[in-house]
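This report concerns only the one structure given below.
Protein chains: 2
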Amino acid sequence: MNIGLLLFIPSRAVENRILAAVVAAGFEITQAQARVLMRVGPDGTRLTELAEAAQVTKQTAGFLVDQLEKVGYVERVPDPTDGRARLVRLTDKAREAVPVANEEMARIEAEWEQHIGKRRMAQLREALDMLGEITDPYR
Amino acid sequence: MNIGLLLFIPSRAVENRILAAVVAAGFEITQAQARVLMRVGPDGTRLTELAEAAQVTKQTAGFLVDQLEKVGYVERVPDPTDGRARLVRLTDKAREAVPVANEEMARIEAEWEQHIGKRRMAQLREALDMLGEITDPYR
DNA sequence: CTACTTTAATCAGAGCATCTGACTAAGACA
DNA sequence: TGTCTTAGTCAGATGCTCTGATTAAAGTAG
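Chains A and U supply the protein sequences, listed in that same order.
For our numbering, count along the first sequence from 1 and bump the result up by 49.
For our numbering, count along the second sequence from 1 and bump the result up by 49.
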């Protein structure tokens, strides 16, 4: 079986489960919004960087940030180092969702480890981490 | 780093590259269409099965199959075993794209193996294959 | 300092993908 | 026969994403 599909299936499983957990906890957010939100750094991130990291156009990133801003998960503040730019920052409301996501992630990892074993899990992580070096355009 | 993202990044890299290769070879197809097309079995597959496998609704799958049919990559034939159902089958035109996709896939795997080594590649495949058992809703 | 080039972001408009809900027709079965 | 389930479609709405054009600020070469 094709390794692309082999990667895609668990990747989507993670995405779906985390999104479902966050939504179940009362946060209203979509997959696309979450993909952008996830990339916002602790001190705020520029729209252009978000777009690159999430691999969408600036317009798309802007559209999603607009929505996230409207429902209060991010705010845009001027970038003190560049008058053209603005920094997208997480609000406290968004930060409350982080532990919910982390807990679900931990649950998933525990299930996986249960199924494939600790050793294989570590090998998986190592291999993926190295692959990131050549496939992550943001790294 | 979150294993969901770790999986997602190379998974998308594969998708993008294969699609690009197929498009560059003159086939006009989109990512969403390809995801459905990929699941069509050698003897044809029902729309409902395609929808499940690709994890979209029947309506979405139907919409994509309509387009694929219009440009001649699939055909719908009556299912001899069930009067309600129809089988979606690949046309010869679609089959011509298969080697193009396979060659690109082989190229990607070679690059990856070059980077992470044969042993890790085998471990990766093994771990993913096992994860499929618990994350692939179609398996 | 001025003029040109690049970069960050937005606006406008379009197309594609996806969903929910309602419906039709055929099969399964009591 | 009548009821329930299943395969697929129709209609309508929303969401996501893109290309192209624009504005404003920064950087740079003369």
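We put the beta carbon where it would ideally sit given N, CA and C, even for glycine.
CB contact check: residue i to chain A, cutoff 8 Å
i               : result
R144 of chain U : no
E152 of chain U : no
Q172 of chain U : yes
E64 of chain U  : yes
L55 of chain U  : yes
T184 of chain U : yes
Whole-angstrom C-beta distance between residue j and residue i, which should lie under 8 Å
i               : j              : result
A110 of chain A : L99 of chain A : 5 Å
P59 of chain A  : L55 of chain U : Going by Cβ atoms, the distance from P59 of chain A to L55 of chain U rounds to 10 Å, so no, they are not a contact pair.
I52 of chain A  : V63 of chain U : 7 Å
Backbone secondary structure at residue i - three-state DSSP
i               : result
V123 of chain U : strand
V105 of chain U : coil
V189 of chain A : One cannot answer for residue 189 of chain A here, as it falls past the ends of chain A, which runs 50 to 188.
R88 of chain A  : coil
T79 of chain A  : coil
R144 of chain U : helix
R169 of chain U : helix
R188 of chain A : coil
T130 of chain A : coil
Own chain residues within Cβ distance below 8 Å of residue i, not counting five before or after
i               : result
P186 of chain U : E101, Q104
Any chain U beta carbon closer than 8 Å to residue i
i               : result
Q176 of chain A : The displayed chain sequence assigns Ala, not Gln, to residue 176 of chain A. Closer than 8 Å: yes.
I78 of chain A  : no
T109 of chain A : no
E162 of chain A : no
E158 of chain A : yes
Proximal residues to residue i (C-beta, below 7 Å), its chain only, five neighbours per side dropped
i               : result
M170 of chain U : W161, E162
- Would you list, in chain order, the members of the segment 68-101 of chain A that have their beta-carbon closer than 7 Å to a beta-carbon of chain U? none
query = Taking a cut of 7 Å between CB atoms, which residues from the segment 127-141 of chain A lie near chain U?
reply = none
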